[in-house]
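Enquirer:
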Amino acid sequence: MSNGYSLTEHSQQIQVGNFLKAVSGPQVVVGGRTYGNRKINEPYLFSQLFWFDNKGNMLFKWPGAPLNGNPDFVKGNWDGRNKEQLFWYKFKINDQGKGELYFPDPVYHMFDFMGKGAEEVITLSQGYLRVYGAKQAHYSNKDEKKDLLYLKNSVVNHTHY
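full-length UniProt numbering applies: residue 1 is where the sequence shown begins, and numbers increase by one.
#1: Going by CA-CA distance only, name the one from TYR128, GLY127, LYS90, LYS83 that's closest to ALA118.
#2: Taking VAL107 as part of the beta strand (DSSP E), name the residues at either end of that continuous run.
#3: Using the Cβ count rule (16 or more neighbours within 10 Å means buried), how would you classify TYR89?
#4: Once DSSP output is grouped into helix, strand and coil, what is the label at GLU144?
#5: What residue does the beta strand (DSSP E) around ASN68 start on, and which one ends it?
#6: Looking only at its chain, what residues have a beta carbon closer than 7 angstroms to the beta carbon of ASN68, apart from the 5 residues adjacent to it on each side?
#7: Could you spell out the range, first to last residue, of the beta strand (DSSP E) harbouring GLY17?
#8: Just to confirm my understanding: we take ILE14, look at its own chain, exclude 5 residues before and 5 after, and list those with CB closer than 6 angstroms. What are they?
#9: Where LYS61 and GLU9 are concerned, what is the direct C-alpha to C-alpha distance, given to the nearest angstrom?
#10: Excluding the 5 residues preceding and the 5 following GLN136 in the sequence, name in chain order all residues of the same chain whose CB lies nearer than 7 angstroms to its CB.
#11: Using only alpha-carbon positions, find the residue among PRO63, GLY56, HIS109 that is nearest to GLN96.
In structure tokens:
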């Protein structure tokens with residue numbers, strides 16, 4: 001493409017925050033989707049994370065080759081210390097913007113499931129729903145679900161797009 005960006009046919013699950021240690025200012029990370037050619041039996045959908053700085057410049061994409069499928073992307077207060085943590089597919093995204101394999105099943109959602117002030121990750125696969133909390137979580141014991149705005153934005157109005 002003439003603009004120097006890699007090809008993606010549509011984008012979804014956009015997140016904004018200070019995620020990358022080596023990049024000043026907030027960054028934007030987008031789940032970029034591409035479609036396979038069904039006429040030659042390619043898988044239907046692929047996905048990668050595209051990272052941008054706060055001026056719109058593409059920094060990099062991860063992984064280098066897209067994954068097959070349409071993985072969910074979740075962000076939340078994983079350890080209860082009010083620092084947003086990203087998870088994508090089965091990966092915990094580190095401060096270099098790359099994933100470390102973390103869960104046996106794909107992430108589906110994230111919210112304060114236990115009502116202790118830290119958000120848990122919910123995975124979903126083959127009829128199993130599992131809830132994972134951070135091992136070293138700091139619990140404020142403030143049930144975020146009692147906050148109607150949190151409930152609306154994080155639980156009731158959840159979307160995978």
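Using N, Cα and C, we set each Cβ at its ideal position, and we do this for glycine too.
Expert: From the atom records:
#1: Locating residue 118 in the sequence shown gives position 118, counting from the first residue. Ranking the options by Cα distance to ALA118, first place goes to LYS83.
#2: Looking up residue 107 in the sequence shown gives position 107. Element bounds for VAL107: 107–111.
#3: Mapped onto the sequence shown, residue 89 falls at position 89. With 16 or more other Cβ atoms within 10 Å, it is buried.
#4: As a working note, residue 144 is residue 144 in the sequence shown. When DSSP states are grouped into helix, strand and coil, GLU144 belongs to the helix group.
#5: The residue you call residue 68 lines up with position 68 of the sequence shown. Taken as a continuous stretch (DSSP letters only), the beta strand (DSSP E) holding ASN68 covers 58–68.
#6: In the sequence shown, residue 68 corresponds to position 68, counting from 1. If we look at ASN68 and ignore the five residues flanking it on each side, its Cβ neighbours are PRO43, PHE46.
#7: Position 17 of the sequence shown, counted from the start, is the residue given in the question as residue 17. In the DSSP annotation of this structure, the continuous segment of the beta strand (DSSP E) that includes GLY17 starts and ends at 10–17.
#8: Taking the sequence shown and counting its residues from 1, the one referred to as residue 14 is at position 14. Setting aside the 5 residues that flank it on each side, ILE14 is surrounded in the same chain by VAL30, each with a C-beta closer than 6 angstroms to its C-beta; the list follows chain order.
#9: If you number the sequence shown from 1, residue 61 lands on position 61. If you number the sequence shown from 1, residue 9 lands on position 9. Their Cα atoms are separated by approximately 15 angstroms.
#10: Locating residue 136 in the sequence shown gives position 136, where the first residue counts as 1. Cβ neighbours of GLN136 beyond the five flanking positions: ASP79.
#11: If you number the sequence shown from 1, residue 96 lands on position 96. Of the listed residues, the one whose Cα sits closest to GLN96 is PRO63.
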